[in-house]
Amino acid sequence: MNNQTQILRYKKLLDYLDRNFKEDINIEKIEAACHYSYRNINRIFEALHHETIGQYIKRLRLEKAAQYLKYSAVGIADIAYEVGFKDRSAFSKAFRKKYGCAPSAFRSSSESSLEVAQQSLITEASTDRERLQFEPEYLPDFDYLFLEFRGDYTDTSALEKASEQLYKNAKDKGVLTDRSIFMTEIMDDSEISDSIHLRYNMGFILDRPLPTEPEGLFRIKKHKQQKYAKFVHEGNHQSCIRFYNKIYAFWMLDIGLELKDSPTIEFYPNYDKTPDDDMLTEIYIPVF
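Residue 500 is where the sequence shown starts when you use the working numbering, and the numbers rise one by one after that.
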């Protein structure tokens with residue numbers, strides 16, 4: 500078996516796990532998804548991720564539960580069932596082990612942190628605070644080629660290196676054109692996931708299908724039509740992180756839309772033409 504075949508099977512497994520981690524996943528389903536024996540693919544997976552497939556699934560479930568606790572009013576028992584736990588007690592035990600507190604305490608702490616952030620931002624901007632400006636917008640179906648970056652969002656040098664690798668690959672393969680749109684898909688919350696596990700998909704929208712499967716760890720993903728709250732930020736990466744804090748701190752007061760369980764998307768209309776401080780970031784946060 501050549502290396503490209505092995506990489507293709509590994510990518511199929513990743514796609515399967517990321518789509519279905521909330522569901523009942525067993526050894527037979529994993530082997531069917533990647534055409535590897537579970538023993539062998541688990542060894543490869545652990546070497547690449549520093550965790551087994553089972554640990555990966557459990558971590559994603561708990562991190563998704565933490566997002567629901569932080570951003571929604573869904574009951575704890577319903578959250579436990581939604582992310583794939585059979586009963587609330589097993590969920591609570593696993594959650595406490597990972598986050599050091601019960602799910603109810605985590606939710607209360609998140610609400611308190613939100614109030615502190617609101618007061619801090621109001622004081623910083625004076626009492627005559629300008630409301631957040633956004634537009635409701637639908638993004639259509641599209642395919643995009645991406646490279647998954649794992650690590651700290653604030654590590655700008657690593658992000659730039661991954662971006663350059665993506666750019667070179669797209670150019671070499673002839674998929675980069677004057678109409679290409681650079682985008683990223685933010686998969687995780689930096690306040691919930693450990694920095695080493697944060698996933699940040701960097702890619703280009705494809706204006707035509709690729710003739711062959713992308714090589715290496717590059718993957719293609721289909722984006723389905725979705726409604727978003729669109730924000731526009733001007734400035735560098737660090738100021739954009741602060742802008743996100745402001746968005747979520749005042750979400751309930753200024754936006755009032757229900758968040759949807761889908762990744763946030765960023766587009767960079769002038770990323771290769773302007774200095775960092777003048778860079779525009781179009782932020783699309785999924786909503787119902």
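In this text, a Cβ means the ideal position worked out from N, Cα and C, and glycines have one as well. Computed from a predicted model, the values in this text were never measured in an experiment.
- Counted as a single uninterrupted DSSP element, the beta strand (DSSP E) harbouring Arg718 occupies residues 718–722.
- Taken through DSSP and simplified to helix, strand or coil, Phe633 comes out as coil.
- Distances from the CA of His548 to each of Thr653, Cys739, His696 were compared; the closest alpha carbon is that of His696.
- Minimum Cα-Cα distance from Asn539 among the listed residues Tyr509, His732, Asp760 corresponds to Tyr509.
- Straight through space, the alpha carbons of Lys521 and Gly583 are spaced by roughly 5 Å.
- Under the DSSP definition of a beta bridge, Pro785 partners with Tyr727.
- Looking at Ser611, Ser612, Gln617, Glu562, the one whose alpha-carbon comes closest to that of Ala593 is Glu562.
- If you ignore the 5 residues before and after Leu568, its C-beta comes within less than 8 Å of the C-beta of Ile575, Ile578, Pro602, Phe605, Arg606, Ser609, all in its own chain and listed in chain order.
- In this structure, Ile764 keeps its C-beta atom at 8 Å or more from the C-beta atom of Tyr747.
- Considering only Leu716, Met686, Lys672, Val731, the residue with the shortest C-alpha distance to Leu705 is Lys672.
- With 16 or more other Cβ atoms from the protein chains shown falling within 10 Å of its own Cβ, Leu644 counts as buried.
- DSSP places Glu562 in the uninterrupted alpha helix (DSSP H) bounded by 552–570.
- Residue state for Met751 is assigned as helix, using DSSP reduced to three classes.
- Closest in alpha carbon position to Ile719, among Lys511, Lys726, Asp693, Leu752, is Lys511.
- Only residues of its own chain outside the window of five on either side were considered, and among them Tyr652, Thr653 have a CB closer than 8 Å to the CB of Ile740, listed in chain order.
- Taking 8 Å as the cut-off, the beta carbon of His732 is found closer than this to the beta carbon of Thr780.
- Under DSSP, no beta-bridge partner is assigned to Gly673.
- In this structure, the CA atom of Asn744 is about 23 Å from the CA atom of Leu559.
- Taking a contact as a CB-CB distance under 8 Å, the pair Leu758 and Val786 counts as one, their CB atoms being some 6 Å apart.
- Buried is the label assigned to Ile691, since at least 16 other Cβ atoms lie within 10 Å of its Cβ.
- The beta carbon of Asp775 is closer than 6 Å to those of Asn735 in its chain, skipping five residues each way along the sequence.
- For Phe633 against Lys729, the beta-carbon gap comes to about 6 Å, under 8 Å, which counts as contact.
- Considering only Gly755, Thr773, Asn769, Met778, the residue with the shortest C-alpha distance to Ser571 is Gly755.
- About 21 Å separates the beta carbons of Glu659 and Pro762, which is beyond the 8 Å limit, so they are not a contact pair.
- Here Ala657 has Gly650 as same chain residues with Cβ atoms under 6 Å from its own Cβ, once five neighbours each way along the sequence are excluded.
- Within a 10 Å sphere around the beta-carbon of Ala531 sit fewer than 16 other beta-carbons, which makes this residue exposed.
- With contacts defined as CB atoms closer than 8 Å, Tyr637 and Gln724 qualify as a contacting pair.
- Ranked by Cα distance from Leu675, the options Asp693, Tyr535, Phe703, Ser588 are led by Phe703.
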